[in-house]
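Trainee: Take any residue in the sequence shown, count from 1 to its spot, add 427: that is its number in my numbering. Where is the CB? At the ideal position from N, CA and C, for every residue including glycine.
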Amino acid sequence: MTTLIRGGTVVNHDHSRRADVLARDGVIVAIGDDLEAPAGAQMIDAGGCYVMPGGIDPHTHLEFQFMGTVSADDFEWGTKAALSGGTTMVVDFCIPNPGQSLLAAYQDWRRKAEGAASDYGFHMGITWWDKQVFEEMETCVKTYGINTFKHFMAYKGALMVNDDELYNSFLRCSSLGAMPLVHAENGDVVFRLQQHYLETGINGPEGHAYSRPPVVEGEATNRAIMIADMAGCPLYVVHTSCRDSHEAIARARAAGKRVFGEPLIQHLVLNEDEYRNPDWDYAARRVMSPPFRPREHQASLWAGLQSGSLQVVATDHCAFTTEQKRFGRADFTKIPNGTGGLEDRMPVLWTAGVNSGRLTKEEFVAVTSANSARILNVYPQKGAVAVGSDADLVIWDPTARKTISVKKQISRIDYNVFEGYECVGVPRATLSRGEIAWLDGDLRAKPGSGRYVPREAFPAVHVANAAWRERNAPRGVERADVTP
Ligand code: URP
Ligand code: ZN
Ligand code: ZN
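#1: Is D460 helix, strand or coil by DSSP?
#2: Drop a sphere of 10 angstroms on the beta-carbon of A907, count the other beta-carbons inside from all chains shown, and report buried for 16 or more, exposed for fewer.
#3: Please report the residue range of the beta strand (DSSP E) in which S528 lies.
#4: By how many angstroms is the C-alpha of Y663 removed from the C-alpha of L489?
#5: Measure the C-alpha to C-alpha separation of N649 and V588 and round it to an integer number of angstroms.
#6: Which partner residues of E862 appear in the DSSP bridge assignment?
#7: What first and last residue would you give for the beta strand (DSSP E) that runs through M516?
#8: The alpha helix (DSSP H) with R599 in it runs from where to where?
#9: Near F719, what residues of its chain come up, given a Cβ to Cβ distance below 6 Å and the 5 sequence neighbours on each side ignored?
#10: Assuming H442 is part of the alpha helix (DSSP H), what are its boundary residues?
#11: Counting Cβ pairs, one atom from each stretch, are 3 or more of them under 8 Å apart for the stretch 727-738 and the stretch 808-818?
#12: Starting from the C-beta of P911, find all residues in its chain whose C-beta is less than 7 Å away, skip the five residues before and the five after it, and write them out in chain order.
#13: Is any heavy atom in ligand 3 found nearer than 7 Å to the beta carbon of H486?
#14: Do F687 and T496 count as a contact pair if the criterion is CB distance below 8 Å?
#15: Determine the direct distance from the alpha carbon of P763 to that of G631, and round the result to whole angstroms.
#16: With a CB to CB cut of under 6 Å and the five nearest residues on each side skipped, what residues in its chain are close to D501?
#17: Going along the chain, which residues of its own chain have a beta-carbon closer than 6 Å to the beta-carbon of A508, five neighbours each way excluded?
#18: How far does the beta strand (DSSP E) with T429 in it extend, from its first residue to its last?
#19: Apply the 10 Å Cβ neighbour rule to S736 and answer buried if 16 or more other Cβ atoms are within range, or exposed otherwise.
#20: Excluding five sequence neighbours on each side, which residues of the same chain lie with their C-beta closer than 6 Å to the C-beta of G435?
#21: Could you pull out every unbroken alpha helix (DSSP H) segment of at least 4 residues lying fully inside the stretch 642-704, listed in chain order?
#22: Would the C-beta of D743 count as close to ligand 1, meaning under 7 Å from any of its heavy atoms?
#23: In whole angstroms, what is the alpha-carbon distance linking T514 and G628?
#24: Under the criterion of a Cβ to heavy atom distance below 7 Å, does H623 qualify as lining ligand 2?
#25: What does L449 pair with, by DSSP beta-bridge criteria?
#26: Curious, which full-length alpha helix (DSSP H) runs of at least 4 residues does the stretch 759-792 contain?
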């Protein structure tokens, strides 16, 4: 299949230029002025549009068994939703149950992902620790192409790991050329606060926000940063939702530590007032961790994206129906945590970020695609409109309008947390490795056509950060694996 995209402006994270783009067999083969259409080529008119690398959502939970239920969007519908909104790759979390083999969990996730309509990769969860996990991490990196390991510092009694487990796993990441990710909330404090609010009679969704204040996220972020520094590895903080956490990341970066922060589109545009809605269903549908925050935290997150102290915008797409949310009708701690956003991330970010003047269109490409590809070590195969890159492309019409509505969404859930949001700037077309997956409102994505994208380990220089070396090398400290 050969496709010629004509008349658009190519936008990358570092430059824009007026150019046509030619893709053949899933790869970009030419970019230039007035390219000739080869015989039989499919033509796409991009006049008035931007031609950008398809979005990468570095944080999704598709068909995820969590809090007694399974998230409603599977790989087929999650990736279809993604493609309709301009996202051409998702990185999902493969989460072994505590005690389960990492390798078995990987096989489970590959099976679940067979229906994916876009390309995808995995992060591997570390939910327990012993010699088997230590050994299997190597197979994940060297055989499966997983260079990122996720640690939950919350969800006590379920997925949470303690500092001993964090440190051991971070050391192992360091020696394997991998990067740890953290869900940074102090799970012990959250647990205690949950009991407190339930005891005082607060059992509705507002209790969810009260029991997870910004300070519990700030504390855990600082702790994870320090532990990563002691282990000599970089760190990626998922769903950075508040000033406390952002400031910890910015401080670490200023000290030369390789720490990355990932705000979610939800935290950028929705705030904690959502939990005050008297309609229980309305508020419960917005229960996620960390919760939506007071407005001043949003200003901090936007500033982070503008200044570069925060690098990517994700969704943490973990969608539950209203019926599933009602498991927690009498007790907010039982409301399945998670919201959707895969199809809305890019239009909402363009509207709230680019149209408001907060972000340039190049910065938009950086935070929706290129930075994820670079941080996760899959650039420039993904994240760039460049000769040799995969033809994962979005043709973006900056003047087209869409009002977000559950009635028109692809996601399988029965509501949308962005309901009524007026987007100006939406995809005209999305191409997944050269194939049209979305065109003028027509979903053409093919279930099962998505490919697994392995990612190489990071070079040693990335892993042993400069700050660590300076502090420890003079004392002759070596990074060492701690075998359990
Ligand atoms: O509430 C959330 N974020 N649900 C998904 C699991 C996680 O913590 O990322
Ligand atoms: Zn999380
Ligand atoms: Zn998540």
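Mentor: In terms of the structure at hand:
#1: Taking the sequence shown and counting its residues from 1, one reaches residue 460 at position 33. DSSP places D460 in coil when its eight states are reduced to three.
#2: Here residue 907 refers to the residue found at position 480 of the sequence shown. Note that A907 has pLDDT 47, beneath the 50 cutoff, so the model's placement of it is unreliable and the number below is only indicative. Exposed: under 16 other Cβ atoms inside 10 Å.
#3: Counting from 1 along the sequence shown, the entry for residue 528 is found at position 101. Unbroken run through S528: none, as it is neither H nor E.
#4: Residue 489 sits at position 62 when you count from the first residue of the sequence shown. Residue 663 sits at position 236 when you count from the first residue of the sequence shown. Spanning the two alpha carbons is a distance of roughly 20 Å.
#5: To locate residue 649, count along the sequence shown from 1; it is residue 222. To locate residue 588, count along the sequence shown from 1; it is residue 161. Answer to the nearest angstrom: the Cα atoms are 16 Å apart.
#6: Position 435 of the sequence shown, counted from the first residue, corresponds to residue 862. Answer is S859, bridged to E862.
#7: Looking up residue 516 in the sequence shown gives position 89. It spans T514 to C521 - the beta strand (DSSP E) in which M516 sits, taken as one unbroken run.
#8: Counted from its first residue, the sequence shown places residue 599 at position 172. R599 -> alpha helix (DSSP H) spans D590 to L603.
#9: As a first step, residue 719 is located in the sequence shown; it is residue number 292 there, counting from the start. Same-chain partners within the cutoff: L697, N698, E699 and E701.
#10: To locate residue 442, count along the sequence shown from 1; it is residue 15. Counting along the chain, H442 falls outside any alpha helix (DSSP H), and DSSP gives it neither H nor E.
#11: no
#12: Counting from 1 along the sequence shown, the entry for residue 911 is found at position 484. With a pLDDT of 46 at P911, under the threshold of 50, the predicted position of this residue should be treated as unreliable, though the coordinate-derived value follows. For P911, where only same-chain residues beyond five positions count, the Cβ hits under 7 Å are W556, D557, K558, F561 and N595.
#13: Start at 1 with the first residue of the sequence shown, and residue 486 comes out as number 59. Yes, the beta carbon of H486 sits closer than 7 Å to at least one heavy atom of ligand 3.
#14: Mapped onto the sequence shown, residue 496 falls at position 69. Mapped onto the sequence shown, residue 687 falls at position 260. No, the Cβ-Cβ distance between T496 and F687 is not below 8 Å.
#15: Counting from 1 along the sequence shown, the entry for residue 631 is found at position 204. Counting from 1 along the sequence shown, the entry for residue 763 is found at position 336. Rounded to the nearest angstrom, the two C-alpha atoms are 13 Å apart.
#16: By 1-based counting over the sequence shown, the position of residue 501 is 74. Excluding positions up to five away in sequence, the list reads L489 and E490.
#17: Stepping through the sequence shown from its first residue, residue 508 is reached at position 81. The answer, listed in chain order, is L769, E770, I837 and S838.
#18: Here residue 429 is taken as the residue at index 2 of the sequence shown, counted from 1. T429 to R433 is the span of the beta strand (DSSP E), which, as asked, contains T429.
#19: The sequence position of residue 736 within the sequence shown is 309, counting from 1. It is buried - the Cβ of S736 has at least 16 other Cβ atoms within 10 Å.
#20: If you number the sequence shown from 1, residue 435 lands on position 8. Excluding sequence neighbours, G435 sits near A473, C476 and V478.
#21: 670-681 and 692-696
#22: One-based indexing of the sequence shown puts residue 743 at position 316. Yes, the Cβ of D743 comes within 7 Å of a heavy atom of ligand 1.
#23: Locating residue 514 in the sequence shown gives position 87, counting from the first residue. Locating residue 628 in the sequence shown gives position 201, counting from the first residue. If I take the Cα positions, the gap works out to 42 Å.
#24: Translated into the one-based positions of the sequence shown, residue 623 becomes position 196. Flag unset: Cβ of H623 not near ligand 2.
#25: Residue 449 sits at position 22 when you count from the first residue of the sequence shown. The partner list for L449 (beta bridge, DSSP) reads L431 and A457.
#26: 772-776 and 788-792
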